[in-house]
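Peer 1: My questions will all concern the structure given below.
Residue numbers (the working numbering), protein chains in the order written: chain G, 1 to 127; chain U, 128 to 709.
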């Protein structure tokens, strides 16, 4: 990620979702990178922190909740925005994501791409 | 506290040492998962049967986790710590509490997290409003268990480990508050030190910190908001301070101190006697509450057990121990002591320090209430059983009996009568049992000569003596300055006690936390103290401090300290001298 564009990291073990999101997010003018798991995500975040991360909750080995906590516990990444994606019980997961683990936004699958893009615009305008 | 406001400037924070030592390393800021949202968000329950099953599954998972935790801790030999988690496991078997949650879920058709979170909040309010320090610290155990239950309901308990797992190098753990199970998340090898903003020095967290032998501080106000992960910190759990962003000079000084201080877990090269450079013997004994403490004390060269806190044994049991169970415990202690002297303090319990099993009622001012010997004399059955177990154990090897919280000579007279009667019943020679008393209540200081005839030895409990003399609660970290300022007066009082006792050939031991500080211990020796009873891991440090000086030198320092109006300056100078001479 070498340009001045806003950098967004997409973390989802579903390659279809990664492709769908990255194509639409790039069309909206952002620069993206995609990974399929938490360990790769943390590698990228530590070496070259993005401005925002779209983070799936349900992933094998390391789930989105864990990645969210790791990022939120590290003051180096206090400006990194997190948007969580989940297909689980919406109300409970929204409480966990937004109010317990302090993600910035929470979107339930299946989602409308426009809703995702609106959330990105809203969060990144505050930068 | 902070001398300037630049983020990377050196900041010094005072605190209360829990476990002595020096640590230097990067900070890791531990953050609890904030579950407050569970009180605010209420979700309708569509399927009550599924919700109940979810609740039961979370209870079972929590119990399994605690059982595993207890077993893992037991394999490290830390039985006292394992018992903390065993007791936590019992909380999850409290049918009354769990049934209350279940019936509230059914009645209001609210989700389990919401109901549980409100019950926890109600419990916390009950404990926090109490003045009893032991009950307040018990609330931390309850929080620990029920937060585990909440995390399991939300299926995010595994998240707690996530940040910790990222730690590759040893760190100093900094937190606003720690719960007992938090300290089990990290391998001991990665833990250089522990610094907390909140927490009593008698809490279970404190017990675990001490058992780990890791330099630890509590009541370090402001550290939670100032420290950042990866910042460098020095933890001085001798003097009671944490230094954030230390300067190069401070680092150099503390690295030298660290090299000079003997690590408690290292074996002592030989059982070096503790004597001053001019040949005056100073007896070093250990303060203990468990078999692990006894083991550690003797490993570190203790010449005896100067204070066995029998109430800690009671507090570690899930029911009031029987005479046989109590006898078995003392028997084990005596066998480990191999003929070295053992002083057992009778149960020092009361409303401010009470094993749950004794059901001691709350009192208005528990620290001034029915505690220590007053409690025992008011509860004869328990007293007789307790004393009988000690007397029977005394047939294995010599035991000295120490009376807690004595304020009147009459109390000692009453104990003599009971002791004489029990020895006669048991067919024991009364002369085999020396009887001593704690000096911790100021009234004793004004009537010392009345007590001298009645007892064989004194033990000065500096923690409570300072508290009662200077009206400064030992648990209140904000009064640390008062306690420090009181030291010259206290030392003068101790000098007087020693002088009078010596004339009457009575031994005096100092067993309070003061004695576990090397510099203060050497001042005590200068004031005439010949026997110190300290935390096991402080023994090598005290020995090193004393053998480096002559008694004449210590007398002179002590005299200067007693008459000073600026005790901190003298302490700083002594500390600087230690650093220079090594």
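A virtual CB, placed ideally from N, CA and C, is assigned to each residue, including glycine.
Can you tell me which residues form a DSSP beta bridge with residue 412 (chain U)?
Peer 2: Taking the second chain and counting its residues from 1, one reaches residue 412 (chain U) at position 285. Answer is U:660.
Peer 1: For the beta strand (DSSP E) that residue 550 (chain U) lies in, which residues bound it at each end?
Peer 2: Here residue 550 (chain U) refers to the residue found at position 423 of the second chain. For residue 550 (chain U), no beta strand (DSSP E) segment is defined; the enclosing uninterrupted segment is the alpha helix (DSSP H) at 536-553.
Peer 1: Looking only at C-alpha atoms, which of U:615, U:673, U:672 sits nearest to residue 688 (chain U)?
Peer 2: One-based indexing of the second chain puts residue 688 (chain U) at position 561. For residue 688 (chain U), the nearest C-alpha among the options comes from U:615.
Peer 1: Buried or exposed for residue 94 (chain G), please, with buried defined as at least 16 other CB atoms from any protein chain shown within 10 angstroms of its CB.
Peer 2: By one-based count along the first chain, residue 94 (chain G) stands at place 94. So residue 94 (chain G) counts as buried.
Peer 1: Cβ of residue 271 (chain U) less than 8 Å from any chain G Cβ?
Peer 2: Looking up residue 271 (chain U) in the second chain gives position 144. With 8 Å as the cut-off, residue 271 (chain U) does not count as an interface residue toward chain G.
Peer 1: So, helix, strand or coil for residue 139 (chain U), using DSSP?
Peer 2: Counting from one through the second chain, the residue named residue 139 (chain U) turns up at place 12. It is a strand residue.
Peer 1: Alpha carbon to alpha carbon, how far is residue 503 (chain U) from residue 515 (chain U)?
Peer 2: If you number the second chain from 1, residue 503 (chain U) lands on position 376. If you number the second chain from 1, residue 515 (chain U) lands on position 388. Near 13 Å, if we compare the C-alpha coordinates of residue 515 (chain U) and residue 503 (chain U).
Peer 1: Thinking just about the alpha-carbon of each residue, which of U:400, U:297, U:690 is nearest to the one in residue 153 (chain U)?
Peer 2: By one-based count along the second chain, residue 153 (chain U) stands at place 26. It is U:297.
Peer 1: Are any of the Cβ atoms in chain U nearer than 8 Å to that of residue 59 (chain G)?
Peer 2: Counting from 1 along the first chain, the entry for residue 59 (chain G) is found at position 59. Chain U, which has no Cβ nearer than 8 Å to the Cβ of residue 59 (chain G), makes this no.
Peer 1: Please tell me whether residue 158 (chain U) has its Cβ less than 8 Å away from any Cβ of chain G.
Peer 2: Here residue 158 (chain U) refers to the residue found at position 31 when the second chain is read from its first residue. By this cut-off, residue 158 (chain U) is an interface position.
Peer 1: With DSSP as the reference, please indicate the residues paired to residue 237 (chain U) in a beta bridge.
Peer 2: In the second chain, counting from the first residue as 1, residue 237 (chain U) sits at position 110. According to DSSP, residue 237 (chain U) bridges with U:171.
Peer 1: Start and end of the alpha helix (DSSP H) containing residue 353 (chain U)?
Peer 2: Counted from its first residue, the second chain places residue 353 (chain U) at position 226. From DSSP, the alpha helix (DSSP H) with residue 353 (chain U) extends over 350-353.
Peer 1: So which residues on chain U does residue 95 (chain G) lean against when the C-beta distance must stay under 7 Å?
Peer 2: Translated into positions along the first chain, residue 95 (chain G) becomes position 95. Here the neighbours are 164, 168.
Peer 1: Tell me, please, which residues DSSP counts as bridged to residue 636 (chain U).
Peer 2: The residue you call residue 636 (chain U) lines up with position 509 of the second chain. U:586, U:658.
Peer 1: On the three-state DSSP scale, how would you describe residue 203 (chain U)?
Peer 2: Taking the first residue of the second chain as position 1, residue 203 (chain U) is located at position 76. If DSSP states are grouped into helix, strand and coil, residue 203 (chain U) belongs with coil.
Peer 1: Skipping 5 residues on each side, what residues in its chain have a beta carbon closer than 8 Å to that of residue 408 (chain U)?
Peer 2: Taking the second chain and counting its residues from 1, the one referred to as residue 408 (chain U) is at position 281. Closer than 8 Å at the Cβ level, and outside the excluded window around residue 408 (chain U), lie 400, 401, 402, 657.
Peer 1: Please state the DSSP three-state secondary structure of residue 60 (chain G).
Peer 2: Numbered from its first residue, the first chain carries residue 60 (chain G) at position 60. Looking at residue 60 (chain G) - three-state DSSP - the assignment turns out to be coil, as it is neither helix nor strand.
Peer 1: What does residue 19 (chain G) reach in chain U if we use C-beta pairs closer than 9 Å?
Peer 2: Along the first chain, one-based indexing puts residue 19 (chain G) at 19. The contacting residues do not exist; residue 19 (chain G) stays about 28 Å from chain U at best.
Peer 1: Would you call the CB atoms of residue 586 (chain U) and residue 619 (chain U) closer than 8 Å?
Peer 2: The residue given as residue 586 (chain U) occupies position 459 in the second chain. The residue given as residue 619 (chain U) occupies position 492 in the second chain. When the beta-carbon positions are compared, residue 586 (chain U) and residue 619 (chain U) stay at least 8 Å from each other.
Peer 1: Would the C-beta of residue 10 (chain G) count as close to the ligand SAM, meaning under 7 Å from any of its heavy atoms?
Peer 2: Of the ligands one can find in the structure shown there are none, so the ligand SAM has no counterpart to examine.
Peer 1: Can you grab the Cα-Cα spacing for the pair residue 59 (chain G) / residue 112 (chain G), in whole Å?
Peer 2: Mapped onto the first chain, residue 59 (chain G) falls at position 59. Mapped onto the first chain, residue 112 (chain G) falls at position 112. Their Cα atoms are separated by approximately 21 Å.
Peer 1: Is residue 402 (chain U) helix, strand or coil when you go by DSSP?
Peer 2: As a position in the second chain, residue 402 (chain U) is number 275, starting the count at 1. Residue 402 (chain U): strand per DSSP, three-state reduction.
Peer 1: For the putative contact between residue 198 (chain U) and residue 419 (chain U), defined by C-beta atoms under 8 Å, what is the C-beta separation to the nearest angstrom?
Peer 2: In the second chain, counting from the first residue as 1, residue 198 (chain U) sits at position 71. In the second chain, counting from the first residue as 1, residue 419 (chain U) sits at position 292. The pair is not a contact, with the Cβ atoms about 17 Å apart (cut-off 8 Å).
Peer 1: If residue 72 (chain G) and residue 101 (chain G) are in contact, beta carbons under 8 Å, what's the gap, nearest whole angstrom?
Peer 2: Walking along the first chain from the start, residue 72 (chain G) turns up at place 72. Walking along the first chain from the start, residue 101 (chain G) turns up at place 101. That belief holds up - the Cβ atoms of residue 72 (chain G) and residue 101 (chain G) are roughly 7 Å apart, short of 8 Å.
Peer 1: Please tell me whether residue 100 (chain G) has its Cβ less than 8 Å away from any Cβ of chain U.
Peer 2: Start at 1 with the first residue of the first chain, and residue 100 (chain G) comes out as number 100. Closer than 8 Å to some Cβ of chain U, the Cβ of residue 100 (chain G) qualifies, so yes.
Peer 1: Does the CB of residue 48 (chain G) have a neighbour CB from chain U at under 8 Å?
Peer 2: As a working note, residue 48 (chain G) is residue 48 in the first chain. Not one chain U Cβ lies under 8 Å of residue 48 (chain G).
Peer 1: Are residue 189 (chain U) and residue 251 (chain U) close, meaning C-beta to C-beta below 8 Å?
Peer 2: Sequence index remark: in the second chain, residue 189 (chain U) carries index 62 (1-based). Sequence index remark: in the second chain, residue 251 (chain U) carries index 124 (1-based). No; because the gap between Cβ atoms is not below 8 Å, this pair is not in contact.
Peer 1: Using CA coordinates, which residue listed in U:382, U:452, U:161, U:246 is at the minimum distance from residue 266 (chain U)?
Peer 2: Here the question's residue 266 (chain U) lines up with position 139 in the second chain. Among U:382, U:452, U:161, U:246, the Cα nearest to that of residue 266 (chain U) is on U:246.
Peer 1: Between which residues of its own chain and residue 275 (chain U) is the CB-CB distance below 6 Å, once the five residues before and five after are set aside?
Peer 2: Here residue 275 (chain U) refers to the residue found at position 148 of the second chain. So the qualifying residues of the chain are 189.
Peer 1: If you follow the alpha helix (DSSP H) that residue 39 (chain G) is part of, which residue opens it and which one closes it?
Peer 2: Reading the first chain from its first residue, position 39 is the one you call residue 39 (chain G). Start and end: 38-47.
Peer 1: Name, please, each residue of chain G whose Cβ falls closer than 9 Å to the Cβ of residue 172 (chain U).
Peer 2: Taking the second chain and counting its residues from 1, one reaches residue 172 (chain U) at position 45. Near residue 172 (chain U) there are no residues of chain G at all, since even the closest Cβ is about 11 Å away, more than 9 Å.
Peer 1: Run through chain G and tell me which residues come within less than 9 Å of residue 293 (chain U), C-beta to C-beta.
Peer 2: Here residue 293 (chain U) refers to the residue found at position 166 of the second chain. The contacting residues are 42, 70, 73, 74.
Peer 1: Cβ of residue 105 (chain G) less than 8 Å from any chain U Cβ?
Peer 2: On the first chain, residue 105 (chain G) is found 105 positions in, with the first residue counted as 1. For residue 105 (chain G), the answer is no, since every Cβ of chain U falls outside 8 Å of its Cβ.
Peer 1: Under 8 Å by Cβ, that's how I've got residue 85 (chain G) and residue 109 (chain G) pegged, so tell me the actual separation to the nearest angstrom.
Peer 2: Against the first chain, residue 85 (chain G) aligns to sequence position 85. Against the first chain, residue 109 (chain G) aligns to sequence position 109. Right, their Cβ atoms sit about 6 Å apart.
Peer 1: Count Cβ pairs between the region 674-682 of chain U and the region 437-454 of chain U that sit closer than 8 Å; are there 3 or more?
Peer 2: no
Peer 1: Please list the terminal residues of the continuous beta strand (DSSP E) segment that includes residue 34 (chain G).
Peer 2: As a working mapping, residue 34 (chain G) is identified with position 34 in the first chain. Per DSSP, residue 34 (chain G) belongs to the beta strand (DSSP E) from 31-35.
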